[in-house]
Each structure stands twice: as C-alpha cells, then as structure tokens.
Amino acid sequence: MSAPATHLFQAKPSFARTAEKGVFWLFRSAAYLVLLCGALVFADIVIKGAPAVFTTTFPFVNTVFLTEAPESLYVFEHEGAKREMGDREFRAFREQEAAKAAAQGRKAPEIKATSFVYSAGGIFPCIVGTVLLVVGSMTIALTLGVASAIYLSEYARQSPLVSFIRLAILNLAGVPSIVFGLFGMGMFVIFLEWNVSLLAGWFTLAFMVLPVVITASEESLKSVPKGFREGSLALGATKWQTIRKAVLPYALPGILTSSILGIARVAGETAPIMFTAAYVVRDKLPWEGLQHAGDFFFQGVMALPYHIYVVSSKIPQNEYTERVQYGTAFVFLFIVALIAATSIALRNKLRGRYKW
Amino acid sequence: MSAPTFSASMDPSTKSIRTTSPSPTAPEGKPSAAVAPTLIDIENLDFHYGATKALHGITLKVPDRQVTAFIGPSGCGKSTLLRCLNRMNDLIDGTRIGAGSIKIRGVDIYQRDVDVIELRKRVGMVFQKSNPFPKSIYENITYGLRLQGIKDKGRLDEVVEKSLRGAALWDEVKDRLHASGLGLSGGQQQRLCIARTIAVEPEIILMDEPCSALDPIATAKVEELIHELKLKYTIVIVTHNMQQAARCSDKTAFFYLGKLVEFAPTRTIFMNPENPQTEAYVSGRFG
Chain A
18 MSAPATHLFQ AKPSFARTAE KGVFWLFRSA AYLVLLCGAL VFADIVIKGA
68 PAVFTTTFPF VNTVFLTEAP ESLYVFEHEG AKREMGDREF RAFREQEAAK
118 AAAQGRKAPE IKATSFVYSA GGIFPCIVGT VLLVVGSMTI ALTLGVASAI
168 YLSEYARQSP LVSFIRLAIL NLAGVPSIVF GLFGMGMFVI FLEWNVSLLA
218 GWFTLAFMVL PVVITASEES LKSVPKGFRE GSLALGATKW QTIRKAVLPY
268 ALPGILTSSI LGIARVAGET APIMFTAAYV VRDKLPWEGL QHAGDFFFQG
318 VMALPYHIYV VSSKIPQNEY TERVQYGTAF VFLFIVALIA ATSIALRNKL
368 RGRYKW
Chain Z
657 MSAPTFSASM DPSTKSIRTT SPSPTAPEGK PSAAVAPTLI DIENLDFHYG
707 ATKALHGITL KVPDRQVTAF IGPSGCGKST LLRCLNRMND LIDGTRIGAG
757 SIKIRGVDIY QRDVDVIELR KRVGMVFQKS NPFPKSIYEN ITYGLRLQGI
807 KDKGRLDEVV EKSLRGAALW DEVKDRLHAS GLGLSGGQQQ RLCIARTIAV
857 EPEIILMDEP CSALDPIATA KVEELIHELK LKYTIVIVTH NMQQAARCSD
907 KTAFFYLGKL VEFAPTRTIF MNPENPQTEA YVSGRFG
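First to last, the protein sequences are chains A and Z. Quick note on numbering: our numbering labels position 273 of the first sequence as 290, and the sequence is numbered without any gaps. Quick note on numbering: our numbering labels position 140 of the second sequence as 796, and the sequence is numbered without any gaps.
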C-alpha cells in the first residue's frame, strides 16, 4: 500500500477552501457578466452607428454627417434607379428635371418620393449644443458644488442642521431627472422668464449633478491630511488661505474624478433639457444671428440625446431613421469619451504634481 | 480690524516686544521664576472637550528663552495644553476654556479681540508627524512669508538660507532647494518643519512630540537643534520620552489625568521630585 505523501503543510479539503473557490468564481462571473453587457451595448452602437459616421472612400469620415444640419430625406424611383436625396438636393433635382422637361416641351414629370424627417444631412448643431450644455452646466455645478463642499467640510460646525443638509443633498441625487426638468421649466423658463434657453438648461443640469459633485468634493477634501491644514494655520494663515493653498490643490484630482461622472450624466440626460433648453430643430447655429452678445445665453439649442429621442420617436421606424439614431449615439459616445479623457488627463497631471 | 491689544503688542514692526498693558498679575512672579522672566502665564486653566473636562485648574509659568518640557502618560492633557497656547484647539468643534486664562506677555490670548492669525505667527508649532507641504523645500519655507504678502525674491532667498541654517539643514539641502520636501528623510522633514516655523520669526515654538517618529540619530540632531534654538526662542516641548525631557529641557512639568502634578527645574524633577507620583513616573514605575 502506497501511503499518500503527506507533509506538514499538506492541503486538505475543507469548507473554508470550498467556500473560497465558490466565492471567487461568483465574483469573477459577476464582473464578467457586467463586462459582457457593456460590451454588447457598445458593439451594438458601434456596428449600427459606425456606417453613418465612416465611409469607405477618402476621407473615410462622413463629413456631411458631422458638419451639417439635419434635413429630410427623400427616397424615390427615378429612371429605374432608387435615389436618396436630402431636402435641398432633392429640390434642386426637381427643378432641374422640370427645366429639362420644359426644354423638351413636355409636362414636368411628377416625382413620387417618400420623405423621412431628419434622416439626411448631419448632426452638427446637436454636437455644438451638447458641448455648450456640458461646458456651461459643469462650470456652474463645479463652482457651486465645490463652494458648498468647502463650506460643509471646512467651515460649518458639525451640527444636526449640517447633517440634515447633507442628507437632503444625498436625497436630491435620487430625484428622477424629469422632475429636475419640470423644476427647471417652472423656475427658469417660466418664473424667471429665461424661456427655453441655454441658461435655463445649464442651471437645470447643474442642479441635477450638484449632489454628485458636492458629495465627492467633500470626500476628496476630507482625504487631504489634517497635517496640511494644521501646518498652514500654525504659520499664521487664515482659513481661506489654508484652503486655497494647502487643501484645495490636493483635493482637486478627486474633485475632477467626480466631475467626470457628472459630465457623462449631464451630456446624456434628455429629460431635464426637454423643457428647458432643447429644440427639436433649429436652423441657426448658436453664434449666428445674434443681436447682442447677451442673446447667446437666451437661445435654445439642439442636443444629441434629445435628437436621438426625437428621431427614435418617429413611427414607423425604418432603416433611414435607424441610421441617424445609431450614428448620433455613436458620435455622442465618442464626444463623452473625449471630454472624459481630457478630464482624466488633467487629473493625472495634477496628481503627479500634488502627490504626497 | 481695530488693533487688538495682542496684535498691537506683538506688532512685528516694533523690534523689541514690550507689553503695552502690563497685567496686574505679571509682577507677582514666584522666586523660582526670578532667573528668567515669565513669558507665558497659565492661570487656573480648565479646558473642556464637549462634556469631558480635559484640564483641571492648570497654573504654570513658562520662562522666557528656556526649554520647558511637558511630560506624562498618554491622555494626561499635555498636548491639549500645548495646543491651547496657540489656540489650535479652536479648530476642534465643541472645545472651550472653562475657567482661567493664558497670558502671553500679560495679554490674555483668549480675550475677544485677539487676532488668532497674529497669535499663531508669534507662536509657531512643530507637529508630531512631520507635515511638510507637498511642495519644494524652498516653497515650504517661504509659505508663511508669502502669506504675509512678501514677494521680493532677494528677501525670500535670504530667509530660506537663514531658516535652513537655523534648523541645521542648509548643508544637506542647499543643492536641491527646488526639490520636493517629501523627498527628504523623516528627520530632515521634521527639521524642514522647524525651518518653516522659524522663517516667520515667532517668539515661541511649540513642539508636540517632535521626535516620536524619528530614529535615534535624527532625534539627536533635533535635540541638538533645540539647544541652539533656545538662545533665540522660547520652546515648549511635549514628549513621551523622559530621557529627552531630561536631556534638553530647563524646566519640566509632569501631568497626570489632566492635572499638573509637579512643575520644577528639570534637575529637580528627575533627581529629587517632591511628589511621589512624579517620582514613580520618572523612575519608570508607571506610565
């Protein structure tokens, strides 16, 4: 009989070892499941959206889609071939055909075309609108958010009132975004008479991300070692000098991390801007036809998420609207990734400079 | 800001610092303090953290330009008392002085019209855990001066060299003034903090267990430095290390459970203490 080779540290089966394995696989499969779902969503958008954005011929990017305003698409049969044309192109074509017919002394042929709203042209005004909304609302949210976080964590005495304010802020994060939209409409659009405007959208979106910004800013302020504050105060600095020179610079990377999440949310929200800032369609770009510089803030804009919503809600769905939807979603993802990457790069640069 | 009594008397522009309003309690210095005049006069001080009373009726006179050590077991209130001297305890919610007073050159530093900023410029502090800012050595030292609005490069350079020499750090760092202060060793960091403190020319330097995180060699350097510093500054040092108190202080105060048990010249405390508790503590029988 060959005795099993045993030694002092011989592995033996036990409940703890089995549980260890089970838990490991549970966590691992959970992580992979999340990854899979995310990948599927991305793949869907990329596969369906990329054809609208990229072309097979030089310059490989659909410049019309990225630089022009949306138009109606006309699809018709002409001389046995199926033709797709945007609004302006179609009108020119019709006139040209009529002129040709007139020259030949015929009656102008009637072209029977099916039209699809917003399925031609591009989404440039939406891109501009979304970028403006993100930049403006994040500026407001960061200014207000960091200021209140500084007050709450550095100045305010820890009292029941402050705890209550914190709780209220956290609760604000759970309010559905449509409620923010309705609040924005009531407060900014109607009461303050800002109408449907960039400014109203900025403030509505800013209030929506404020809880995230405040909570995260407070956390990052708290993670700055107490020694920095004491060291600075002991050298005769005022509280504000201490915060500005010995606390805020070191909390900034953390605050930026939170604002990256905020950016993604602000850029993607449809409900809050639906009543406050977004136009279904607008011919002028935000900087065109301004009477005063101040008018800039009081104009509505088109926005990517709202455009997706508008196009998707056209019934019946068809290959033409789908192309615009997914193309828009693809561009949207790309822009959010771009803004987020910029913030991450900035954060990493700051982190390198302010390491302890 | 109406010139408060304290900042008026501590105005840096008046080269020699004198008391503008001599306190009635000042002249009654005890014979033991006759050698060196009293600088900090703590009288019957009660201090509370919320509902907890941390200091019970402390009365203590810290002599000018000497090293005074506070010793005692953890939680005895020695650090609390130290932090009262530059009002660092103000930063903690719910703390208050219950009774008594602290006077520096006869001025009650807890009276209403005291400018805490001015007080802290005059009463510098070195902390237990060295806390240089994550900036260059140069910026660490000029931090306090820049706060006061001093921008002149020549003046700043001069102060940096003077302070680093004063903290016996100049020779070690003179070639890398613009390197991060965090790149220094623990002992060097602590001396950098001392340099940063003396750069704003305080009169008093409070040290809260400055060597507790340092190795014996770094500790020896800091202690050597304390010996030099006491020629120009009044030093109050809190320490866990009784040998350290014995080595570098002129007077020692022993605290136990928030009360001052004994305050006497260091020699007396260690060789011939009056109180049996002090005797038990310094001989290592408890604490």
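We put the beta carbon where it would ideally sit given N, CA and C, even for glycine. Just so you know, these numbers come straight off a predicted model, no measurement behind them.
Reference residue i; option with closest CA among the options
{"i": "Z:Ala725", "options": "Z:Ile873, Z:Ala874, Z:Leu862 and Z:Lys888", "result": "Z:Leu862"}
{"i": "A:Pro193", "options": "A:Arg282, A:Ala98 and A:Gly39", "result": "A:Arg282"}
{"i": "A:Ala166", "options": "A:Val229, A:Lys331, A:Leu199 and A:Met202", "result": "A:Val229"}
{"i": "A:Ile356", "options": "A:Asp300, A:Leu150, A:Leu209 and A:Lys331", "result": "A:Leu150"}
{"i": "Z:Ala855", "options": "Z:Phe919, Z:Pro921 and Z:Arg821", "result": "Z:Arg821"}
{"i": "Z:Ala901", "options": "Z:Lys818, Z:Glu880, Z:Trp826 and Z:Arg776", "result": "Z:Glu880"}
{"i": "A:Cys143", "options": "A:Ile325, A:Arg370 and A:Glu336", "result": "A:Ile325"}
{"i": "A:Lys129", "options": "A:Ala310, A:Lys99, A:Glu85 and A:Ala116", "result": "A:Lys99"}
{"i": "Z:Asn745", "options": "Z:Asp720, Z:Ile925, Z:Gln722 and Z:Leu711", "result": "Z:Leu711"}
{"i": "A:Gly198", "options": "A:Gln316, A:Thr293 and A:Leu83", "result": "A:Thr293"}
{"i": "Z:Gly947", "options": "Z:Ile748, Z:Asp749, Z:Ile753 and Z:Leu747", "result": "Because chain Z here runs from 657 to 943, residue 947 of chain Z falls outside it and cannot be looked at."}
{"i": "A:Val187", "options": "A:Phe93, A:Gly66, A:Phe141 and A:Met225", "result": "Just to set this straight, residue 187 of chain A is Leu in the shown sequence, not Val. A:Leu187 has its Cα closest to that of A:Met225, out of A:Phe93, A:Gly66, A:Phe141 and A:Met225."}
{"i": "Z:Ile850", "options": "Z:Asp808, Z:Gly940, Z:Asp831 and Z:Thr798", "result": "Z:Thr798"}
{"i": "Z:Thr908", "options": "Z:Leu738, Z:Ala920 and Z:Gly750", "result": "Z:Ala920"}
{"i": "Z:Pro858", "options": "Z:Ile882, Z:Val779 and Z:Gly940", "result": "Z:Val779"}
{"i": "A:Tyr296", "options": "A:Val328, A:Lys262 and A:Ala120", "result": "A:Val328"}
{"i": "A:Thr338", "options": "A:Lys256, A:Ile140 and A:Val264", "result": "A:Ile140"}
{"i": "A:Ala158", "options": "A:Phe77, A:Ile272 and A:Phe26", "result": "A:Ile272"}
{"i": "A:Phe200", "options": "A:Ala223, A:Leu178, A:Ser180 and A:Val179", "result": "A:Ala223"}
Residue interval of the alpha helix (DSSP H) (run including residue i)
{"i": "A:Arg246", "result": "Lys243 to Ala251"}
{"i": "A:Thr270", "result": "It should be noted that the sequence gives Pro, not Thr, for residue 270 of chain A. Residues Leu265 to Gly285."}
{"i": "Z:Ala869", "result": "No alpha helix (DSSP H) contains Z:Ala869, which DSSP labels as neither H nor E."}
{"i": "A:Leu350", "result": "Glu336 to Arg370"}
{"i": "Z:Arg821", "result": "Lys809 to Gly822"}
{"i": "A:Pro333", "result": "Unbroken run through A:Pro333: none, as it is neither H nor E."}
Element boundaries [beta strand (DSSP E), containing residue i]
{"i": "Z:Val779", "result": "Val779 to Val782"}
{"i": "A:Leu90", "result": "Pro87 to His95"}
{"i": "Z:Thr708", "result": "Thr708 to Pro719"}
{"i": "Z:Asp697", "result": "Thr694 to Tyr705"}
{"i": "Z:Leu862", "result": "Ile860 to Asp864"}
{"i": "A:Ser136", "result": "Ala130 to Gly138"}
{"i": "Z:Ser757", "result": "Thr751 to Ile760"}
Assigned exposure category for residue i - 16 Cβ within 10 Å defines buried
{"i": "A:Arg12", "result": "There is no way to answer for residue 12 of chain A, as the model of chain A reaches only from 18 to 373."}
{"i": "Z:Asn796", "result": "buried"}
{"i": "A:Glu305", "result": "exposed"}
{"i": "Z:Cys867", "result": "buried"}
{"i": "A:Pro333", "result": "exposed"}
{"i": "Z:Glu684", "result": "The pLDDT assigned to Z:Glu684 is 40, lower than 50, so where the model puts this residue is not dependable; a value taken from the coordinates is nonetheless given after this. The residue in question, Z:Glu684, is exposed, as its Cβ has fewer than 16 Cβ neighbours within 10 Å."}
{"i": "A:Trp42", "result": "exposed"}
{"i": "Z:Val782", "result": "buried"}
{"i": "Z:Lys686", "result": "The pLDDT assigned to Z:Lys686 is 41, lower than 50, so where the model puts this residue is not dependable, and the model offers no usable value."}
{"i": "A:Ala6", "result": "Because chain A here runs from 18 to 373, residue 6 of chain A falls outside it and cannot be looked at."}
{"i": "A:Gln308", "result": "exposed"}
{"i": "A:Ile207", "result": "exposed"}
{"i": "Z:Asn742", "result": "buried"}
{"i": "A:Trp211", "result": "buried"}
{"i": "Z:Met666", "result": "Residue confidence is low: Z:Met666 scores 44 on pLDDT, short of 50, so the model does not pin down where it sits. Its coordinate-derived value is still stated next. Buried is the call here."}
{"i": "A:Ala28", "result": "exposed"}
{"i": "A:Pro303", "result": "buried"}
{"i": "Z:Glu774", "result": "buried"}
{"i": "A:Met319", "result": "buried"}
{"i": "A:Thr80", "result": "exposed"}
{"i": "A:Ala48", "result": "exposed"}
{"i": "A:Ile260", "result": "buried"}
{"i": "A:Ile280", "result": "buried"}
{"i": "Z:Phe703", "result": "buried"}
{"i": "A:Ala137", "result": "buried"}
Under 8 Å, with one C-beta from each stretch per pair, do the segment 277–293 of chain A and the segment 809–816 of chain Z reach the 3-pair mark? no
Against chain Z, which members of the segment 244–260 of chain A pass a CB distance test of less than 8 Å? Gly244, Phe245, Arg246, Glu247, Gly248, Ser249, Leu250, Ala251, Leu252, Gly253, Ala254, Thr255 and Gln258
Do three or more CB pairs link the segment 776–789 of chain Z to the segment 830–849 of chain Z at distances below 8 Å? yes
Looking at C-beta atoms only, is the number of pairs between the segment 844–853 of chain Z and the segment 873–888 of chain Z that lie closer than 8 Å three or more? yes
Could you tell me whether the segment 148–168 of chain A touches the segment 269–277 of chain A, where touching means 3 or more Cβ pairs closer than 8 Å? yes
Mind checking the segment 154–181 of chain A against chain Z and listing, in chain order, the residues whose C-beta falls within less than 7 Å of any C-beta there? Arg174 and Gln175
Report yes or no: do three or more beta-carbon pairs, one from the segment 226–244 of chain A and one from the segment 259–271 of chain A, lie closer than 8 Å? yes
Per the contact definition of three or more C-beta pairs closer than 8 Å, is the segment 252–263 of chain A in contact with the segment 206–223 of chain A? no
Inter-stretch contact (C-beta, 8 Å, three-pair minimum) for the segment 100–111 of chain A and the segment 65–79 of chain A: no
With a cut-off of 8 Å, do at least 3 Cβ pairs link the segment 756–763 of chain Z to the segment 696–710 of chain Z? yes
At a Cβ cut of 7 Å, what residues of the segment 778–807 of chain Z count as close to chain A, listed as they run along the chain? Gly780, Met781, Phe783, Lys785, Asn787, Phe789, Pro790, Tyr799, Gly800 and Leu803
Give me the subset of the segment 834–853 of chain Z whose CB atoms are less than 9 Å from a CB atom of chain A, sorted by chain position. Ser836, Leu838, Cys849, Arg852 and Thr853
Interfacial residues, the segment 755–775 of chain Z to chain A, with Cβ spacing under 9 Å: Val772, Ile773, Glu774 and Leu775
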